[in-house]
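Sequence lines, in order, name chains A and B. Residue numbers for the first sequence follow our numbering, so the first one is 231 and each next one is one higher. Residue numbers for the second sequence follow our numbering, so the first one is 297 and each next one is one higher. Just so it is clear, CB atoms sit at the ideal spot from N, CA and C, and this is done for glycine as well. Computed from a predicted structure; not experimentally measured. Below is one structure, written out as structure tokens; the observations come after it.
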Amino acid sequence: MAADDVHAVTSLRARPDAAMPAGPDDAGQFGRPARRREDLHHLLGRGRFTDDIVASGEDALHLTILRSPHAHARIRRIDVARAKAMPGVIEVLTGADLTQNVGPLRANWIWPRMPLPEHRALSEKVARYVGEGVALVVATDRYIAADALEAIDIDYEVLAAVTDPYRAAQAGASVVHPELDGASIRGNVLQHVPVRAGNYAAARRKADVIVTQRLRNQNLVPGAMEPRSVHASYDMTTDVVTIHLSSQAPHIMKRMLAQVLNVDEHRLRVIAPDVGGGFGAKLHLYPEDVLVTAMAFRLKRAVKWTSTRTEDFLSTNHGRDHVQEVEICATRDGTITGLKATIWGNLGAYVSGMGPGIPAVNCGMILTGVYRIPNLHVDTNLMLTNTSRVDTYRGAGRPEATYLIETMVDRVARRLGLDPVEVRRRNFIPPSAFPYTIASHAFCYDSGDYPKNLDKALEIVGYASQRAKQERLRKRGRYLGIGLATYTEFTGIGNGNLLAMFGFDYGGWEYGRVLVHPTGTVEIHTGSADQGQGHATSYVQIVCDVLEIPAGQCSVVEGDTGRVEFGLGTFNSRSMAVGGAALHEAARRLLAKAKRMAAHALGVTADDIVYAKGIFSVRREMSPFAQGSRVLRRGTRDLVGKVYRHLLGVQPVQVGAGRDKISWEEVARLAHFLTTYPNGLEPGLDERVFHRPKDFVFPFGTYAAVVEVDVETGDVDVRRLVAVDDCGRIINPLLARGQVHGGAAQGLGQALLEQSLYTDDGRPRAANWMGYAFPRALHMPYIEAEHTVTPTDRNALGVKGIGESGSICTPPAIVNAVLDALSPLGVTHLDMPLLPEQVLSAISTARRERSRSVDAIGSGAVAT
Amino acid sequence: MSEHAITVVVNGVRHQGRVPSRKLLVHYLRDDLRLTSVHVGCDSTQCGACTVHVDGHAVKSCTVLAVQADGSTLGTVEGVATDGVLHPLQQAFQDCHALQCGFCTPGMIMSSLDLLERYPDPSDAQVRAWLKGNFCRCTGYQHIIEAIRSVGHGSGSVPNEHAGTREGSAQARVCHGC
Ligand code: FES
Ligand code: FES
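Structure follows, in structure tokens:
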């Protein structure tokens, strides 16, 4: 390898001399790389995930599920007698046994007038995807429960199946829900959602270039390392069932379980203990959640189900799975004038929680990304197919949108012979245009400075020198590619009104509570809990930044509907922008009240109190009037004191009398035990906030990938991956970086490795990691994560969100890089994942076509 | 189902018990001994969430029968810290933010302890290759690798081949978690 060759950036060790980040106790500040308070118990082996739970003092019964091996089949006969008779088997039930007491599962994002296919926790008559539950067993032991499944006799009539969203829309495709076909929907198209803006036809007529491409955003498995798990235990005394659930939204699950099981919500407590990753797939209600809870009520015992990895592949929601036909119009100088797209987005066999909104809103209404594109013609088709449900997976719609626009922008650049950097710049929404309402009218972007962010990425990757290197290497027959992608997305599910119009039934708020114990320790309650992101650490930073007390004085309560009364949950990178803003507001209100308490004790008004680092003190430069009134107040109190002492022989409490300072702890005690409270204040320091954001916030960023493609093997080597995100103000840079790394790994997985494929009869080709390539340490390049900071005024913290950026922007950056590398060979398109065999076959196809057209030109024919 | 008497020493404590012949070691550790740090992440011996030490070596306990462990000395992450003091590797995991959800963490720690035993000062490539049997969906591995390498013997002595280059400084900057 020559000295100027690109090389993998791999070998720097961690520097022991680098500045240590703040420890948990001095970490109470916004912006510091505080180490996490969540780590210790995991490191010591004391993590508590749902499968680790022992509740109500008994070992749980094990529930297992018989799953359909067919993608579409009628259940002719099912006989559970043999299974029931096995020793250790407590219960065996089929769909028919449950219809009475267990209602169908509901979704949360139901388009106005959209019909909902009935989704039962166990299917009674027809199974519609491989893995759909048709019977359950409850047994004393996991091995017996597994044996009993094999003793169930079941007879299927196999029906034709369709798993591809595009094919499902074609005439002659088998129909997933014939009961809806013709009545309320046509074929498998559950809903068609059009978006129109400007005059696309005119833009097309006037365009200098029109580029079309059919794109595939493949079906992916979210793959949290902790498989789904649910444990429900019955409390005889309270008649309450406590459900431990590996979930991102315990409060929503409580509401939905109450509806599906028709029980009063106060009889349910949902606890999401440690959750081993969610990534959107643990956000929604699943049949197993319903079944385990129903069995705990029925048997009045603890019951649990923990997914095997194979079950997780088959039954947990998948993500993405779009086919997109795209046409983009531009003028010669690279100005993009119009965008047309038809999207077929897979929802699976039933509608999951937010399923419909993902293609229709999260993708179809934000296709224009960071660009000013005035003319739009978008049609999104929500497709039913014979796959497991497809719903939120890290990014949820924005990866599909970003991949579409970012790969198309590169195509425009290539067609026009322009630098993709220049085409981006030409079309960016300029910093001066914010707030900016995009053409779809669905979103109004808050703030952004795309050129600055792009420049930073270019500088880090060394764009000009990489281009020079590319030239040099090409001469030697080596194919280096540089790929860029610039994204924006919306986070912090805001403005409940707008969403409600689109049928979203969550609302847009988050709940936060900050309370002070009489001894001065602080408890933070949040409805937006953690699945590994480090929420507790960050929330403490937010609250301690306001209260100026040590982080060690705070604890965080989350993920338990019994202790935190309300909440929506963790999704859409909303926790800091909405959950954090709620806590920020609660902390501010709390401090204001504490000041009034302190002022009362010290005999001044709250305006004359200054607060710093746990001490309330009387302002030095009080006005003469304030000083006078303080003397007067003191005099009165002294007098009252004397009278009490004289007449009754008792001493009124006067903690602050005669002093100029009072501590946080003293105020905490006074707040609970004062005999008189200042004007109408209630005792206690306990503030609860339902924070409803004004609107969404819009993080953005630029990712740059440098790849080398081995044209002999088709291997793609990612040499550099630069991520420059702008998520507004950063609460904890260490944790933000962790989010970028994890997202980038999932994005790289999508670009290069992962896909969930189906056979013609609808069977998943991969039912676990044997057949599904998951990014391992070896696959990952060194990620260079940096930031620009453009605050937002849509929340008091100025924060946006960082959880999804890596999975949104990495795939187009890598794919653009590979196509850039292969452009001299004439390769213009590749579908993800870019497996070596696909790369090789694209190269050989391009070479063949080239030589054919060269031959044709040589023989006088006109190449078309 | 036949049952067998087994004796194992786990984290220094001797346990005697009877197990059905088909019981997996991971289930014995989790269900019988309540060592719930040993996680089950897959059913195809790939993810390494179940990694424990058997006679000092990292082994995937989901792929060993409990009876096969009879007479062995076992170690789980519950036994890694001594007297409430974290092992340097555990400390490095916290300092480098090498865990997010924590599900893969016990297996990562047990696996990399074995790595460090064999290669006290592993290169980046060695660590990445060694971890092929340990999946993490949260971290992208980068901080895990930094944590492991930071406790390698002679840390800091390996020259940084990218020092002074754009690559080198970018790396150095992103490394301040360690
Ligand atoms: S559980 Fe043992 S390797 Fe996955
Ligand atoms: S930290 Fe979540 S899987 Fe590794």
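- Around W999 (chain A), the beta-carbon contacts reaching into chain B at under 8 angstroms are C338, S340, Q342, C343, F431.
- The residues N657, I659, in chain order, have a CB closer than 7 angstroms to that of R602 (chain A) in the same chain once the five nearest residues on each side in sequence are set aside.
- Neighbours of A425 (chain B) across chain A, judged by C-beta separation under 9 angstroms: A1007, L1008.
- For E374 (chain B), the nearest beta carbon of chain A is closer than 9 angstroms to its own beta carbon.
- Exposure of A698 (chain A) is indicated by the presence of fewer than 16 other C-beta atoms within 10 angstroms of its C-beta.
- As the crow flies, the alpha-carbon of Q438 (chain B) is around 11 angstroms from that of V423 (chain B).
- What A454 (chain A) touches in chain B, judged by beta-carbon distance under 9 angstroms, is C397, F399, R433, C434, going in chain order.
- Taking the beta carbon of L382 (chain B) as reference, the chain A residues within 9 angstroms of it are L270, L273, L274, listed in sequence order.
- Look at T540 (chain A): its C-beta is under 9 angstroms from a C-beta on chain B.
- As DSSP reads the structure, Q259 (chain A) sits in no beta bridge.
- Taking 9 angstroms as the cut-off, the Cβ atoms of D377 (chain A) and G453 (chain A) do not count as close.
- Beta bridge pairing from DSSP links Y717 (chain A) with A:G931.
- Residues of the same chain with a CB within less than 7 angstroms of the CB of A381 (chain A), apart from the 5 flanking positions on each side, are R312, A313, M316 in chain order.
- Taking the CA atoms as reference points, S1053 (chain A) sits about 11 angstroms from A1072 (chain A).
- Looking only at A:V946, A:F930, A:P929, the smallest Cα-Cα distance to V937 (chain A) is reached by A:V946.
- Residues of the stretch 307-338 of chain B that bring their beta carbon within less than 9 angstroms of a beta carbon in chain A comprise P316, R318, K319, H323, R326, D327, R330, L331, T332, S333, V334, H335, V336, G337, C338, in sequence order.
- Between the C-alpha atoms of T472 (chain A) and T523 (chain A) there is a straight-line separation of about 8 angstroms.
- G398 (chain B) has its CB nearer than 8 angstroms to a heavy atom of ligand 2.
- In this structure, F431 (chain B) has its beta carbon less than 8 angstroms from a heavy atom of ligand 2.
- For H272 (chain A), the three-state secondary structure derived from DSSP is helix.
- Bounds of the alpha helix (DSSP H) holding Q857 (chain A) are 854-878.
- V794 (chain A) carries a coil assignment under DSSP once its states are collapsed to helix, strand and coil.
- One finds L273, L274 in chain A with Cβ atoms closer than 8 angstroms to the Cβ of Q386 (chain B), taken in chain order.
- Cβ atoms of A375 (chain A) and T280 (chain A) stay farther apart than 8 angstroms, at about 17 angstroms.
- The continuous alpha helix (DSSP H) containing T767 (chain A) extends over residues 765-777.
- Counting C-beta pairs with one atom in each stretch, the stretch 566-581 of chain A and the stretch 382-390 of chain A have fewer than three that are closer than 8 angstroms, which means they do not touch.
- Residue range 650-657 is occupied by the alpha helix (DSSP H) that includes N657 (chain A).
- Our two residues, F928 (chain A) and L1027 (chain A), have alpha carbons roughly 14 angstroms apart in a direct line.
- Between the alpha carbons of G429 (chain B) and V315 (chain B) lies a gap of roughly 27 angstroms.
- Q342 (chain B) has its Cβ nearer than 8 angstroms to a heavy atom of ligand 1.
- In the displayed model, P316 (chain B) falls within a strand according to three-state DSSP.
- Neighbours of D282 (chain A) in chain B, taken as residues whose beta carbon is under 7 angstroms from its own, are T332 in chain order.
- At a C-beta separation below 7 angstroms, G507 (chain A) has these neighbours in chain B: C397, F399, R433, C434.
- Beta-bridge pairing by DSSP links M613 (chain A) to A:V419, A:N576.
- By the C-beta density criterion, Y623 (chain A) is buried, having at least 16 other C-beta atoms within 10 angstroms.
- The criterion of a C-beta distance shorter than 9 angstroms is satisfied by L445 (chain A) and E555 (chain A).
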